[in-house]
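Asker: Here my numbering is used: the first residue of the sequence shown is 7, the next is one more, and so on. Every residue, glycine too, gets a C-beta built ideally from N, C-alpha and C. The model shown is predicted, which means the values in this text are computed figures rather than measured ones. Below you will find the structure I want to go over with you.
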Amino acid sequence: MQQANAGAETPQPPDRPDLSVIVVTHNGRERALATLDSALAAQGWLEAEWLVVDAGSTDGTPDAIASRFPEVEVVRRPNLGFAASNNVALRLARGRYVLLLNPDIDIHGSLAELVATMDARPEIGLASVIQTDVDGRQQASIRRFPSASRSFGEALFSAGWPFSGGLQERVVNSRRYSRPGPVDWLVGAFLIARREAVEAVGPLDERFFLYSEETDWCYRFWQAGWRVEHLPNLTVTHHCGGGSSGALKPQLTHSKILFAGKHYGRLRASAIRAGIVLGHAIRVVTFAPLGVRRRYRSRARNELSALQVAVGLAPPPFGPYSESRVRASELINKRVY
7 MQQANAGAET PQPPDRPDLS VIVVTHNGRE RALATLDSAL AAQGWLEAEW
57 LVVDAGSTDG TPDAIASRFP EVEVVRRPNL GFAASNNVAL RLARGRYVLL
107 LNPDIDIHGS LAELVATMDA RPEIGLASVI QTDVDGRQQA SIRRFPSASR
157 SFGEALFSAG WPFSGGLQER VVNSRRYSRP GPVDWLVGAF LIARREAVEA
207 VGPLDERFFL YSEETDWCYR FWQAGWRVEH LPNLTVTHHC GGGSSGALKP
257 QLTHSKILFA GKHYGRLRAS AIRAGIVLGH AIRVVTFAPL GVRRRYRSRA
307 RNELSALQVA VGLAPPPFGP YSESRVRASE LINKRVY
């Protein structure tokens, strides 16, 4: 692995802002406006540019943003996925840092202080911060890379257990979130990246229509010699976080399998897929007999759909060429982990 020359001074164009803030929207107008209000209030001494990529909103979101925030550049395009929409703005961004910001985030703290921390730590290529839900509860935004043991561990209901250790991707120990340090990957609701690192790593992989694009990006940052770190400099409220939406389970399953196939050998990727299959099969068997109650019936149906994707009997529901991409647009701002 080639270590990035993170300490070297890179001449910057005189008109380069400190931070490019990128928000991808689809509908959710009021929530997106609140996010931009919050981010602008957190700007501090930074020179920042503001880029919104609207993926085919039908509720007037881009017009409302352009009217309220004349400093924001709004790009309108069809929805071809979360990664693809972010890449549109990454190509336009001029900042020394780029911030990928979900349109369902409130920021509590200073973006200027976060940039100052990144300036003082030139080895960090990508970072995130403390994320909580609307009630102030810690969200598990720090994750471990997928593995066969974690795939089977989560299949056997260890996900979310406080003492399951490495048998899950989520890091649930609350003390870990109070201190800075390296992590495998970070939930993509709030990601700040150094320009030089992005140029070395490349854009988001657009094959990940929804989910795992940040897992893939973090993995590639590490491969390129850049550190990925959790920085508790500020806290953000993630309004739509908290757990995988049932309707999106098949897409999440597809993305996990795609990640494993891209980065791991055939044997390891197959073992991860087997664990995913087992997990969905267990849940189908568990919830199907309880189908007289609506929530269990819906859960069993979603788990069965995900199982069919996992074993190759059905395509993922959403994708650049999927007939369901309009429905994906409706869910893109509601993706949760």
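Do residue 107 and residue 31 have their beta-carbon atoms positioned less than 8 Å apart in this structure?
Answerer: Cβ atoms of residue 31 and residue 107: not closer than 8 Å.
Asker: Once the 5 residues before and after residue 90 are set aside, which same chain residues still bring their CB inside 6 Å of it?
Answerer: The answer, listed in chain order, is 212.
Asker: Relative to the C-alpha of residue 163, which residue among 117, 234, 281, 206 is closest?
Answerer: Closest by alpha carbon: 281.
Asker: Could you give the DSSP three-state label for residue 249: helix, strand or coil?
Answerer: Bear in mind that the predicted position of residue 249 carries a pLDDT of just 48, short of 50, making it too unreliable to give a figure here.
Asker: Ignoring anything shorter than 4 residues or poking outside the region 246–325, list the alpha helix (DSSP H) runs there in chain order.
Answerer: List check, alpha helix (DSSP H) in window: 255–269, 272–293, 300–316.
Asker: Give the range of the alpha helix (DSSP H) segment to which residue 68 is assigned.
Answerer: Looking at the DSSP string, the run of the alpha helix (DSSP H) that includes residue 68 is 67–74.
Asker: Under 8 Å, do residue 155 and residue 172 count as touching if we go by C-beta distance?
Answerer: Against a cut-off of 8 Å, the Cβ pair of residue 172 and residue 155 comes out as a contact.
Asker: For residue 188, which beta-bridge partners are listed by DSSP?
Answerer: 235.
Asker: Could you check whether residue 241 and residue 148 sit closer than 8 Å to each other, using their CB atoms as the reference points?
Answerer: Taking 8 Å as the Cβ cut-off, residue 148 and residue 241 do not qualify as a contacting pair.
Asker: Return the residue from the list 51, 57, 261, 176 that minimises the CA-CA distance to residue 119.
Answerer: Nearest of 51, 57, 261, 176 to residue 119, Cα basis: 51.
Asker: Whole angstroms is fine: what's the gap from residue 26's alpha carbon to residue 104's?
Answerer: The alpha-carbon atoms of residue 26 and residue 104 are separated by roughly 5 Å.
Asker: On a Cα-Cα basis, can you pick out the residue from 85, 253, 230 that is closest to residue 304?
Answerer: It is 253.
Asker: Do residue 223 and residue 203 have their CB atoms nearer than 8 Å?
Answerer: Going by C-beta atoms, residue 223 is not nearer than 8 Å to residue 203.
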